[in-house]
Amino acid sequence: MSEASHTRQDSMEILEEGYIEEQDMDRGGYRLVLPEDGYEWRKYGQKFIKNIGKMRSYFKCQRSNCSAKKRAEWSTSEPNNLKVVYKGVHNHALPASESGSSQLGTSSNANQYDLLTQVFGDRSTAH
DNA sequence: CGAGTTTGACCCGCGC
DNA sequence: GCGCGGGTCAAACTCG
Numbered sequence: 754m755s756e757a758s759h760t761r762q763d764s765m766e767i768l769e770e771g772y773i774e775e776q777d778m779d780r781g782g783y784r785l786v787l788p789e790d791g792y793e794w795r796k797y798g799q800k801f802i803k804n805i806g807k808m809r810s811y812f813k814c815q816r817s818n819c820s821a822k823k824r825a826e827w828s829t830s831e832p833n834n835l836k837v838v839y840k841g842v843h844n845h846a847l848p849a850s851e852s853g854s855s856q857l858g859t860s861s862n863a864n865q866y867d868l869l870t871q872v873f874g875d876r877s878t879a880h
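The numbering used here numbers the first residue of the first sequence as 754 and each following residue consecutively.
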């Protein structure tokens with residue numbers, strides 16, 4: 754059974770691990786610290802999924818034509834085990850150049866736009 | 001002052 | 001057909 758989880762690469766495919774660290778103890782709140790992937794994200798939601806008994810944070814790319822999204826999931830009992838799920842793809846270059854990354858201009862450019870067209874079908878009618 | 005972050009409420013999709 | 005879960009957006013507050 755290794756194709757069921759490999760054939761389905763619709764959007765979410767990349768998984769990363771991070772951790773939770775306390776940054777603002779004055780405000781009595783823990784801050785989520787996840788591994789820097791080189792992109793800029795903006796948190797737009799947070800909810801507790803009782804279905805899996807874990808907390809989920811929602812991040813979105815800050816680019817105009819970038820519909821890429823990031824989802825952070827971790828257990829409330831074990832914040833040290835944080836899982837990051839990348840949804841969608843970036844259609845722009847990395848705003849921040851970290852250590853040598855030569856993954857640009859490959860066969861993903863065409864694939865990215867193809868997926869983008871599908872994800873763009875949101876419900877932004879008259880809000 | 002601006003941007004980013006946080007919390008709540010609302011909406012949609014799917015299951016039964 | 002209705003209910004529940006999950007996801008997103010909006011408003012407000014805080015920090016830089």
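Beta carbons are placed, not taken as given, at the ideal position from N, Cα and C, and that holds for glycine.
Expressed to the nearest angstrom, what Euclidean distance is found between the alpha-carbon atoms of residue 822 and residue 805? Computed Cα separation, rounded: 21 Å.
First and last residue of the beta strand (DSSP E) that includes residue 819? Here residue 819 belongs to no beta strand (DSSP E), and DSSP marks it neither H nor E.
For the candidate residues 826, 793, 814, 789, whose alpha-carbon lies nearest to that of residue 800? 826
Return the first residue and the last residue of the beta strand (DSSP E) that residue 847 is part of. Where residue 847 is concerned, there is no enclosing beta strand (DSSP E), given that its DSSP letter is neither H nor E.
What do you get for residue 835, buried or exposed, if any count of 16 or more other CB atoms within 10 angstroms of its CB means buried? buried
Residue 812 versus 803, 796, 818, 820, residue with shortest Cα-Cα distance: The option with the nearest alpha carbon to residue 812 is 796.
In angstroms with no decimal places, state the Cα-to-Cα distance between residue 837 and residue 824. 6 Å
Identified DSSP bridge partners for residue 798: Answer is 811, bridged to residue 798.
Going by Cα to Cα distance, which pick from 794, 816, 802 is closest to residue 845? 816
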